[in-house]
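To start, the structure itself, in structure tokens.
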Ligand SMILES: [Zn+2]
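What follows is the structure, given as structure tokens:
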């Protein structure tokens, strides 16, 4: 994880983009304490990211249940609709 982020952001300047980056691109459990704090603080004040997190958790669970069944593959249409869902939920 890039620790430069810690120095770059104060909680009040922490954007949705930053929050979703940390939540999605990084493994949350591996974030530093201050990064977790930033994300949690942001989630408290931002309804968009709360919604996004809820949606992405659902998606994550769907993926995980698919992973247990090797015969299940996402169709291109399904992938498209999932990425559309993520895009819609990250839009302000
Ligand atoms: Zn946000």
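Residue numbers (this note's numbering): 715 to 806.
No residue lacks a Cβ here, since even glycine has one placed at the ideal position from N, Cα and C.
In the same chain as residue 750, and ignoring 5 residues on each side of it, the C-beta atoms closer than 8 Å to its own belong to 742, in chain order.
Counting the other CB atoms within 10 Å of its CB gives residue 767 a total of 16 or more, which places it among the buried residues. Residue 747 has its alpha-carbon roughly 17 Å from the corresponding atom of residue 734. Per the coordinates, the alpha-carbon of residue 777 lies some 9 Å from the alpha-carbon of residue 788. Sequence-distant partners of residue 757 (beyond 5 residues in either direction) whose C-beta falls short of 8 Å from its own C-beta, in its chain, are 733, 763, 764 and 767.
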